Amino acid sequence: MTIPGFIVKNALRNKRRAALCVLSVAASLFLLVSLLVVLNEFTNPPEDVGASLRIAVRNKVSLATPLPVRQRPLIAKIPGVEAITALSFFGGKYKGEENTMFAQFAMDPEQLELVFGEAKLPREQLEAWIANRTSCIIGVDTAKRYNVKIGDKFQLIGQIYPVDLDLTVVGIYKGTTDDRNVFFHQKLLDELTGDLGQVGMWWIKARSPEEVPGVIDRINAAFTNTSAEVLAETERAFQLSFVSMWANIKVLISSICSVVVFALILVSASTMSMAIRERMRELSVLKALGFRRHELFAFILAESFGLAAVGFLLGAGGAWLLYSSVNAPTLTGGMFPTLDVTPRILAFSALVAAVLGVVSSLAPALAVTRMSVVDGLKTLD
Amino acid sequence: MFSLFKYHLRSVLVRWRSTLATILGLALVIAVFILVQSLAAGIEKSSSNTGDPRNLLVTRQGALAETTSVITRDQFNIIRYLPGVARDATNQPIASGDVLIIINLPRNNGTGNANVMVRGIAPTGRALRPQASLVEGRWFAPGKREAVASRRLAGRMANLQVGQTFKTGGVELTVVGIFDGQRSAFDSELWIDADEARSAFDRPDYSSLLLRPESDEALLQLKKHLEGERRLKVKAVREVDYYKEQTRTAGPIKWLGNGLAIVMSIGALFAAMNTLYASVGARTREIGTLRVLGFRRRSILLGFLLEGAMLSGIGGILGCLLALPMHGYSTGTLGWETFTEVVFDFQITPLLAAKGIAFAIIVGLIGSFLPALRAARLPVISSLKAA
Amino acid sequence: MTAAPIVQIRALTKIFLQGEINVTALDSIDLSIESGEFLTLMGPSGSGKSTLLHIIAGIDRPTRGECIVQDRNIAALNESDLADWRNQNVGFVFQTFNLIPVLTAYENVELPLLLTQLSGKERRHLVTTALEMVGLDDRMKHLPKQLSGGQEQRVAIARALVTDPKLVVADEPTGNLDSHSANEVLDILRTLSRDAGKTVIMVTHDPKAAAYGSRTIHLEKGELVPN
Ligand SMILES: Nc1ncnc2c1ncn2[C@@H]1O[C@H](COP(=O)(O)OP(=O)(O)O)[C@@H](O)[C@H]1O
Ligand SMILES: [Mg+2]
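Sequences listed follow chains C, W and H, in order.
With numbering that gives the first Met the number 0, letter number 104 in the first sequence gets 103, and the count goes up by one each step, no holes.
With numbering that gives the first Met the number 0, letter number 196 in the second sequence gets 195, and the count goes up by one each step, no holes.
With numbering that gives the first Met the number 0, letter number 152 in the third sequence gets 151, and the count goes up by one each step, no holes.
Pasting the structure below:
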């Protein structure tokens, strides 16, 4: 028999105990990974390919206050601006649904390729969209979720706007970070609401990344002290400002994470050291046979590390498998487009597992140091 | 049974180290469960605590919340002169058109900006909402760019203390007073003069209309009349009912709390099972002795279940105690209906605490069932021989 | 004492399955024990003494044959009835005392009474009497680890007596005791059969201990050895 063989045999002596240890570690690490994934989705919204060139312009009062149409030609003239589109959040309910989790926007179809170039849409579908004022294009995830095909009707009940939309799907796009959104004509929205001369936001594409800061400054300056002051920012900054509104949720999840980690270490460490305490007798036999103290430490450490490692593989690995195979929007009711178990998350949970391994071997290791051979042999008598 | 209980209690205390770890672990699970649920309870409480049952709130049909509703001046004038609306001393109808604007303001702790709900409100509107009482400074004067903030909001956002000014869009507002909304939804609002709001934010129309019917029958009749009137396209609900509906934000939080509690308790369950199995293993001989003395399998099973329930009950109580200091602590989150910051308190209700303890005991019973069964099934003779 | 014998054993056989092989621990034993006897059971280790005692006390079942105690074939009782029967009719004394370590002497003795309907006051009376009988009424609040071996065994005897059973069985009760404590324990057992009318069955290795009994039988390889 080899030393590792001895350790494995020892660890599996009480199979139920070992299994319960591993399972409690696995459950806790699964939870930890899940929380970190959600936290990551809150803090780091995925970045689009074209994001570095895009600028979002909203009313300085808040996102809920519209912008006047007359700003468009003024912005278009600003040096460094390559393209501009209106983008109005419609915020409607898909017919018959209580909670609609995909977003709908009114925009200028001609600008789609220029501003949101990463959206892959066949040319003839794009042309059909531009040509038909009451048509829309939908993301492939939404098309799949509701089983909608080209040519189908698509009805949206307005909640922010007092109008309902009766659209025809003419295109299905993919390739953006959130292939759930639905886009339709800004002109249609204007028409239905009685030409108020307002849009929700402007989205702009700059000519080059170097010009982005300058363009932002010029846009902000162009409307200071007008009745509709604007706030222009990069797409990233805009998304992060969204995220910052969730600040408390982030704090909540992070504090839960720490409690989970703490509870995990507490409970698992105690069970694991209990498992090892049960072996005090063997350990003292080993001592009597001439094994030295540090060799016994190594046994203990190897065992608790082994248990923690198997728990990590089951829990974190299980979470990874689960989240990479399920459809995230379906699972979260559309709250998150993706659930990414990033290498950083895996590394962090591996670290927690390792700490667990060390902490749970502390108590038994200490006991071994103090134990005399005779006492040890008596422990279980 | 009392002394058998004593036996289990003392046995548990003998193995205090692993017992303590199990109890503490479970306590943390329960504390998390209670805290998350108390957030949902806080939101629900602030919603259910808002408004006056005698008031009728009129919004646009289809609007999810006051913030996305529009009531035109024409609608306003038609509705407030309808029969059944109460009149004040000067024979004016008691009805108030409010303007709701969402503005983006920085938080005072540097964690970025938040959307804040601004309510443009007329003196009648204030009279209809006596819940909001001034606690500092004075109310805004008509025609002045002045604002009064709720105390809780002022505690969370920058520049909302009396005397401070803040800019939004092209408008500069001075805070002249602080009100207390008494844990209602008004605690998340900033109030300014209605006409000022309409001119400063360029709003020709009102957002909502709050009125006081003459009586409860008049209220029901008005509601029927307004909703039956096709041309008006408005929805009329009791003010209290409107706010009771505004709890969508609580939904996902409850969901989160339950999910967390379930996964965490699975981890705790395995740990508790381990502790109890160890305890049964170490007491094999005692169990054999009890059986020789004439105790039935059922009593042994019950005894260990009791032990599990006792441990987890203590864990549950401890969890409540751990969560308790957060009771009443004011916090905020992004409200789903209005897309603005809603401010509310952690509410650890007795029901919630009871739920937490019950949850803990269920975990304990499930966790102790298999070990208890094992204890009850131990053959008498071989357990007597156990080391 | 002309009544029927308290224990009647006929053709009693007990076979244990040890892996593949059968071990015959008791081989067709016939034995009857009169009420009030102090029977001592001797024999080499592994001869089946404990097995016989376990069957008489109703904590094990015979493979064949019958064991009638107080006119009842105890092998025919189901698990729960057997548990009740043990509680009411037998007191068991172990070689290793088997006191519950977390309970005091008083509570250990009280334990079997928890299965009865007796009131707290009645229980207190019975427990005190039993402890007085073994001379430990001054040690009621002590935990087992605060008692000497002999005292522990006396507490165990008190526990066996407290339900006032007709039958007291003891498996090598003096095996773990020094000779002084052993004599104390044996004295108590003898008093039980002589003055209190109990039937006592005791397994022992020690001829001196066996001398306390009114009759001694010998077991060897699962069979009774005729005197
Ligand atoms: N549970 C058991 N399983 C298998 N064999 C047993 C069991 N109990 C006792 N035996 C066997 O039965 C025989 C008698 O045992 P026992 O009655 O304990 O002897 P004694 O008490 O006289 O020393 C022995 O050979 C022993 O190995
Ligand atoms: Mg024996």
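C-beta atoms are modelled at their ideal positions from N, C-alpha and C, and glycine is treated no differently.
This structure is a prediction, so every number in the text was calculated from the model and none was measured.
Please name the residue, chosen from W/A39, W/I22, W/T283 and W/R9, that lies closest to C/A262 on a Cα-to-Cα basis.
Of the candidates W/A39, W/I22, W/T283 and W/R9, W/I22 places its Cα closest to the Cα of C/A262.
Are C/F101 and C/F88 close, meaning C-beta to C-beta below 8 Å?
Result no, Cβ atoms of C/F101 and C/F88 do not sit closer than 8 Å.
Give the residues of chain B in contact with C/G305, contact being defined as C-beta atoms less than 8 Å apart.
Given the protein chain composition of this structure (C, W and H), no chain B is represented.
For C/K152, count neighbouring C-beta atoms within 10 Å of its own C-beta (all shown protein chains included) and say buried if the count is 16 or more, exposed if not.
C/K152 is exposed by the Cβ-count criterion.
What does the Cβ neighbour count give for H/I32, buried or exposed, with the cut at 16 atoms within 10 Å?
Classified as buried, H/I32 has 16 or more neighbouring CB atoms from the shown chains inside 10 Å of its CB.
Helix, strand or coil at W/G250 according to DSSP, with G and I counted as helix:
Three-state DSSP puts W/G250 in a helix.
Check the Cβ-Cβ distances between C/N39 and every residue of chain W, and say whether any is below 8 Å.
Cβ-Cβ to chain W under 8 Å: no for C/N39.
Can you give the Cα-Cα distance for H/R85 and H/R71, rounded to whole angstroms?
Approximately 12 Å between the Cα atoms of the pair.
Ordered along the chain, which non-local residues of its own chain (more than five positions away) have a Cβ less than 7 Å from that of C/K119?
For C/K119, where only same-chain residues beyond five positions count, the Cβ hits under 7 Å are Y172, K173 and G174.
Going straight from the alpha carbon of W/R237 to that of W/A62, what length do you get?
Taking the CA atoms as reference points, W/R237 sits about 16 Å from W/A62.
Shortest alpha-carbon distance to W/R155 belongs to which of W/G96, W/P105, W/S381 and W/F185?
The residue with the shortest Cα to Cα distance from W/R155 is W/P105.
Going by the DSSP bridge assignment, what does H/S31 pair with across the sheet?
For H/S31, which the question treats as bridged, DSSP gives the partners H/Q7.
Taking W/V436 as the query, report the chain C residues whose CB atoms sit under 7 Å from its CB, ordered along the chain.
Beyond the ends of chain W as shown, which are 0 and 386, falls residue 436 of chain W; an answer cannot be given.
Determine the extent of the alpha helix (DSSP H) in which C/D216 is found, giving its start and end residues.
Segment V211 to A221, the alpha helix (DSSP H) holding C/D216.
Mapping DSSP to helix, strand and coil, what is H/P206?
Helix at H/P206.
Cβ-based contacts, 7 Å cut-off: residues of the stretch 61–91 of chain H near chain W:
Of all residues in the stretch 61–91 of chain H, E78, S79, A82, D83, R85, N86 and F91 have a Cβ within less than 7 Å of some Cβ in chain W.
If the cut is a Cβ gap below 7 Å, which residues of chain C does W/I265 touch?
Listed along the chain, the chain C residues whose CB falls inside 7 Å of the CB of W/I265 are A26.
Give a yes or no on whether the minimum CB-CB distance between H/I8 and chain W is below 8 Å.
It does not; no Cβ of chain W falls within 8 Å.
W/Q49 versus W/K354: straight-line alpha-carbon distance, rounded:
In the sequence on display, residue 49 of chain W carries Thr and not Gln. Rounded to whole angstroms, the gap between the alpha carbons of W/T49 and W/K354 is 26 Å.
Any idea what DSSP makes of C/W319, helix, strand or coil?
Correct three-state label for C/W319: helix.
When you compare only the Cα positions, how much space is there between C/Q110 and C/W202?
Answer to the nearest angstrom: the Cα atoms are 10 Å apart.
Given a limit of 7 Å on CB to CB distance, which residues of the stretch 36–61 of chain W reach chain C?
The stretch 36–61 of chain W vs chain C, Cβ under 7 Å: R59 and G61.
Just to confirm the assignment, what range does the alpha helix (DSSP H) spanning H/N88 have?
Per DSSP, the continuous alpha helix (DSSP H) segment holding H/N88 begins and ends at E78 to N88.
For a test of the three-state rule: what should DSSP assign to C/V114, helix, strand or coil?
Shown here, C/V114 sits in a helix according to DSSP, grouped into three states.
Counting only beta-carbon atoms, is W/L292 nearer than 8 Å to chain H?
Chain H contact via Cβ: present.
How would you write the range of the beta strand (DSSP E) that C/D163 sits in, first residue to last?
First-last of the beta strand (DSSP E) with C/D163: D163 to Y172.
Can you name the residues that DSSP bridges to C/H184?
For C/H184, which the question treats as bridged, DSSP gives the partners C/M106.
Start-to-end residues for the alpha helix (DSSP H) that takes in W/Q74
Per DSSP, the unbroken alpha helix (DSSP H) holding W/Q74 starts and ends at R72 to R79.
Quick one: residues in its chain with C-beta nearer than 7 Å to the C-beta of W/P370, no 5 flanking neighbours on either side, listed in chain order?
So the list reads M272, L275, Y276, V279 and F303, once near-sequence residues are dropped.
Counting contacts by CB-CB distance shorter than 8 Å, is H/V167 in contact with chain W?
No - not a single Cβ of chain W is within 8 Å of the one on H/V167.
Got a sec: is the Cβ-Cβ distance from W/V11 to anything in chain C below 8 Å?
Taking Cβ atoms only, chain C never reaches closer than 8 Å to W/V11, which makes this a no.
Burial state of C/V60, where buried means 16 or more other Cβ atoms lie within 10 Å
Under this definition C/V60 is a buried residue.
On a CA-only basis, which of W/F200, W/A217, W/N107 and W/S198 is nearest W/R86? Give me that one, please.
Measuring from the Cα of W/R86, the nearest candidate turns out to be W/A217.
Is the beta carbon of H/K144 less than 8 Å from the beta carbon of H/P206?
At a Cβ-Cβ threshold of 8 Å, H/K144 and H/P206 do not count as neighbours.
beta-carbon H/D205 near ligand 2 non-hydrogen atom, thresh 7 Å:
Every heavy atom of ligand 2 is 7 Å or more from the Cβ of H/D205, so no.
With 8 Å set as the bound, which would you pick, yes or no: does the beta-carbon of C/P161 sit closer than that to a beta-carbon of chain W?
True, the Cβ-Cβ gap to chain W drops below 8 Å.
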